[in-house]
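To start, the structure under review is shown below, and the notes come after it.
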Amino acid sequence: MSAETRRNSFAVPIKNIERELICPICKELFTHPLILPCQHSVCHKCVRELLMLNHEDSFDAGSECSMPGSPRSSTTISRVGSPSMERLDRLVRSGGSRGSISSPGWRRGSVTPRITAIPCPGCQHDIDLGERGISMLFRNVTLESIVERYRQAARAAVAIMCNICKPPQLQEATKSCMDCKASYCNECFKLHHPWGTPKAQHEYVGPTTNFRPKVLMCPEHEMEKVNMYCEVCRRPVCHLCKLGGSHANHKVTSMSSAYKILKEKLAKSIHFLISKEDQVRTQITDLEALIHQTEENGQLAERQANEHFERLFETLQERKTDMLRSIEQSRNRRLDQLKGQVDEYQGMLENSGLVGYAQEVLKETDQSCFVQTAKQLHIRIQKATESLRTFHPSADPCFDEFVLDTSKEENLLKEMCFGGVPDPPLIDLSRSRVYNEGTICWRLSEDHIPTDHHVLEFRRLGSPNQSPSQEDGEDSGIWRALERVYGTSTVVSDLEANSLYAFRVRSCRNSLYSPYSPEVTFHTPPATAFNFLFNDKCGFCTERLLLSKRRDSVEGVASMAFLLAAERVQTGSYICLDYIIGDTGISQGRHFWAFSVDPRSYLAKVGVVSDSKLIEWFHNPRDTSSPRYDHDSGHDSGSEDTCYEVSQPFTLLTVGMGKIFIPKASSSSSVSTATASSSDPGSRVLPMPQRIGVCLDYDAGRVYFFDADTMRCLYERQVDCSGIMYPAFGLMGGGKIQLEDFITTKRLTF
């Protein structure tokens, strides 16, 4: 089977690609699509509507005609039938008499500025079209052709008729001439394009209604066709753009080469997708199964949640019924007592005959008869008299003992969430830094449920050269915790120097704790952190060094003076380093600082220097063009091996091209290193660590260089600390040095 046959067998029906032909703004088929710098396509009219402040002030020459009088302004626009393009054509023709069009940013005679930036509806990135506006955008001719083919396929039942034939002999068109902009049947085409005439050379295609030329013109050079492809900007350019335009220094390739490469890549990608059809179908089946499973599990979770809430409602209803019953029983009992008391007093009012009866009894003269009757009567009257003297309600109307406090239960219900133990976090080694204070950062799982807080624990494991049995201190090996950390980072203070510390963290949610994260170990520096910034006052060379605004990074740049001096530079001459020092000096104690050197740096020197040496470096006249110039007795010229015989008021280590170079030790010098061998020069070249640490012991007169990530000592030597010592850095050629954030934070905060 041939390649063409295979491609046809895999061909996708054009009716299936409709969603790729829909403008993301107007949601209709593309009309004169333009390609945005982000490679998304948008209708010409949609870009205009986004770009202009209002319809009346809208004015742009479009991607085809940014200048009047150009071939595209006089031909291509007249072929477009849309009202917006016809109006644009009239604007361009009216501007042609003036010889030029006013700036796209302002309409002639208008003080209303026009928007030049639009959000891409595809990727939501802001697209700045600049002063040229829409005119800097290319037509998407390929997409335009595909849309036309789709339209033709959609209206296949409606044939394109010949424009020459007259009814009733009107015939169906078989060809369309791109130069005549008309469709013909076979007979009319032969009649109007006879052999031997210029019309016979016209370009003809199948029946179509789109007669726009399939030619891309350069937006910056209106008369030029694009014939090259810029690999830097990834867009077609013309030869003038390459010769002296904005792409002069860019790498370009021929359009045919770009066409071949991109077509092969696209064909391979399409073939790969087609070859994976079975895999895609299997994955679709798996996804459909997952969708079904998700629906079932979601419904199951809903049922379970409903059951839990129903049980809660039932429990609440039971408690509600019991408590309301208690209130009702107490209320009925009290009402009965109070009503009985009311009846008793009501009887006192209604039984007024008792008094009259007593008065009649008093008239009895027979003593024995009186005593017999008056005894019981006296008891009744005495009770009534006492109740009147000491009135007390028989029941308390207050129901304070039945007040219900549900605030605790309400809070519990509000905090109720789907349970489960939270996932353990992971400590981020790339963001965590440990000195005498440590900043520990961690990451949470991407689909984690919000946690209440975190707990960070750490312990000292001892010194690096110490066995576990030799651990000193009462706190060694004991976990210490920082409770209730509400972010994803925290600061640990009071860490001992030159010690190993283990850290772990866990999350808490609803009083449930996650497992601990894997333990990570950090090695603290041998001294406290020394805080400083770069000094831009002392000897700083503004021509060849570029200092950041925060003064925490410095970059070497080329200067015009350096280039002019190149004509006088002879072979073997020594070009000076450009030095910069810290803004804080050291006169006692042990101090540590860390920094990173860009791996692309050509040559850098890092170390310490005394104030006496600074006077020599920064104040003595220097002639960089002289081959005899040697500003520091050969140290920075690469001859460290010979100059380290005696202690000096400075020590600098060479770093460059992704390597670090260990100086050669001699028998008479006080240099020691565990990594370099005098007899093996290759062992003196080590891979440059991501971060370099420097420790200066002023009192002992010794300086150490470390791999700041592992705290492995790379090199140490004696240094003459006779004055104030400063962190020193030097750059030759391109390079960059960045101070560690922990070293600069306190100074920047201050």
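Each residue of the sequence shown is one higher than the one before, starting from 11 at the first, in the numbering used here.
We treat Cβ as the ideally placed atom computed from N, Cα and C, and that holds for glycine.
This one's a predicted model, so the numbers in the text were calculated from it and none came from an experiment.
- Spanning the alpha carbons of Cys190 and His212 requires a straight line of approximately 8 Å.
- Here DSSP, grouped into helix, strand and coil, assigns Met667 to coil.
- In this structure, the alpha-carbon of Glu154 lies about 22 Å from that of Glu274.
- Taken through DSSP and simplified to helix, strand or coil, Gly308 comes out as helix.
- Pairwise C-beta distances place the stretch 605–614 in contact with the stretch 731–744, as three or more of them are shorter than 8 Å.
- Around the Cβ of His54, a 10 Å sphere holds 16 or more other Cβ atoms; the residue is buried.
- In the structure shown, Arg29 adopts helical secondary structure according to DSSP, grouped into three states.
- Residues of the same chain with a CB within less than 7 Å of the CB of Leu505, apart from the 5 flanking positions on each side, are Val444, Asn446, Glu447, Gly448, Tyr511, Thr534 in chain order.
- Pairing Leu706 with Phe715 gives a Cβ-Cβ distance that is not under 7 Å.
- With three or more CB-CB distances shorter than 8 Å, the stretch 692–705 counts as touching the stretch 602–609.
- Glu493 and Arg514 do not touch by the CB rule: their CB atoms are close to 14 Å apart, not below 8 Å.
- From the listed residues His249, Gly254, Lys261, Cys228, the smallest Cα separation to Cys240 is found for Lys261.
- When the five nearest sequence neighbours on each side are left out, the beta carbons in the same chain lying within less than 7 Å of the beta carbon of Val242 are those of His260, Lys261, in order along the chain.
- Note on the stretch 217–288: whole alpha helix (DSSP H) runs with a minimum of 4 residues are 249–254, 265–285, in chain order.
- If the five residues before and after Phe532 are omitted, its C-beta is found closer than 6 Å to the C-beta atoms of Val444, Tyr511, all from its own chain and listed in chain order.
- Counting other Cβ atoms within 10 Å of its Cβ, Tyr269 stays below 16 and is therefore classed as exposed.
- Rounded to the nearest whole angstrom, the C-alpha separation of Thr461 and Pro432 is 8 Å.
- Pro34 and His302 have their C-alpha atoms roughly 31 Å apart.
- Scanning Cys198, Ala491, Gln293, Leu272 for the CA closest to the CA of Arg245 turns up Leu272.
- For Lys615, the enclosing beta strand (DSSP E) begins and ends at 613–620.
- Its chain contains Tyr708, Asp709 as the residues whose beta carbon lies nearer than 7 Å to that of Gln598, once the 5 sequence neighbours on both sides are disregarded; these appear in chain order.
- By the criterion of at least three beta-carbon pairs nearer than 8 Å, the stretch 545–556 is not in contact with the stretch 718–732.
- Asp296 sits in a helix when the DSSP states are folded into three classes.
- Beta-bridge partners assigned by DSSP to Gln748: Ser563, Ser606.
- In the DSSP assignment, His54 forms no beta bridge with any residue.
- Secondary structure of His402 (DSSP, three-state): coil.
- Judged by DSSP secondary structure, Lys185 falls outside any alpha helix (DSSP H) and instead within the beta strand (DSSP E) spanning 185–187.
- Ile437 has Trp452 as its beta-bridge partners, per DSSP.
- Leu466 is not a Cβ neighbour of Pro435, given a cutoff of 7 Å.
- Asp353 carries a helical assignment under DSSP once its states are collapsed to helix, strand and coil.
- Exposure of Thr295 is indicated by the presence of fewer than 16 other C-beta atoms within 10 angstroms of its C-beta.
- Nearest Cα to Tyr736 within the set Arg722, Ile625, Ser51, Phe671: Ile625.
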